[in-house]
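Participant: The numbers in the working numbering rise by one with no breaks, and the one at position 8 of the sequence shown is 116.
I have a structure I would like to understand better, so I am pasting it below and will then ask my questions one at a time.
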Amino acid sequence: MSDSETETDQPQKSLHYDRPAYITFINRTGSPIDIAWVDYHGNLVRYRRELGNGGICHQNTFFTHPWIAWHSRTLERASFGGKKVFHPQPWGGEQHRTVVYIDRPMKSLLQLCLQTVKYLVKGDVEQLEIPKDLIAPLRKRRRIDFVDFNARGRR
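Below is the structure:
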């Protein structure tokens, strides 16, 4: 997770499994995304890999189970209604699933420029003729630690 995320954006952990929730995730980011459940220890368990733009993922889950999503290629976090962590509401007997849209988060012009330069420049960013205070954020690479749902019992 990046340093700029607030404490409330950090995925906590799942608590109970007694109140079901039925979700339909819809990807509106414009690029493939991965979707992960935050387990009972705070670890990420990827349930869906590379859900395409406009793709739909039906997910049975529980009220106290947080979910996060990120862009498959850039590892940039996606958002659920402007929030980086999705917390399902419990099922109330409805005959339909709760629809949850996954979008790109709002970014500043500086963040967009840094993202583009990171994508275009794979080598030594210190050779670029840019202000020195931009070098550190360009050097920083994203990393997300997770285990795939289908691989959980096979270690």
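For glycine and all other residues, C-beta sits at the position ideal for the given N, C-alpha and C.
1. Going by Cα to Cα distance, which pick from 149, 183 and 154 is closest to residue 258?
2. Taking residue 229 as part of the beta strand (DSSP E), name the residues at either end of that continuous run.
3. What does the Cβ neighbour count give for residue 192, buried or exposed, with the cut at 16 atoms within 10 Å?
4. Using the three-state DSSP reduction, which class does residue 197 fall into: helix, strand or coil?
5. What residue from 233, 248, 156 and 230 has the CA that sits closest to residue 178's CA?
6. Looking only at its chain, what residues have a beta carbon closer than 6 Å to the beta carbon of residue 185, apart from the 5 residues adjacent to it on each side?
7. Taking contact to mean at least 3 C-beta pairs separated by less than 8 Å, is the stretch 193-200 in contact with the stretch 163-183?
8. CA-CA distance, residue 181 and residue 209?
9. How would you label residue 137, buried or exposed, when you count the other beta carbons within 10 angstroms and need 16 or more for buried?
10. Measuring only the C-alpha atoms, how far is residue 215 from residue 134?
11. Since residue 228 and residue 246 should fall inside the 8 Å C-beta cutoff, what is the C-beta to C-beta distance between them, to a whole number of angstroms?
12. What is the rounded straight-line gap between the Cα of residue 145 and the Cα of residue 243?
13. In whole angstroms, what separates the C-alpha of residue 239 from that of residue 139?
14. Is it the case that the Cβ atoms of residue 251 and residue 131 are separated by a distance below 8 Å?
Facilitator: Short version:
1. The option with the nearest alpha carbon to residue 258 is 154.
2. Per DSSP, residue 229 belongs to no beta strand (DSSP E) and is neither H nor E.
3. Classification of residue 192: buried, given that the 10 Å Cβ count is 16 or more.
4. Reduced to three states, the DSSP call for residue 197 is coil.
5. When only C-alpha atoms are compared, the closest one is 156.
6. The answer, listed in chain order, is 178 and 192.
7. The stretch 193-200, when compared against the stretch 163-183, does touch it at the 8 Å Cβ threshold.
8. Linking residue 181 to residue 209 through their CA atoms gives a straight-line distance of about 19 Å.
9. Buried.
10. Cα to Cα, the separation comes out at about 21 Å.
11. Not a contact, Cβ separation roughly 11 Å.
12. When rounded, the separation of the alpha-carbon atoms in residue 145 and residue 243 is 33 Å.
13. Those two C-alpha atoms are separated by around 31 Å.
14. Contact flag unset, no.
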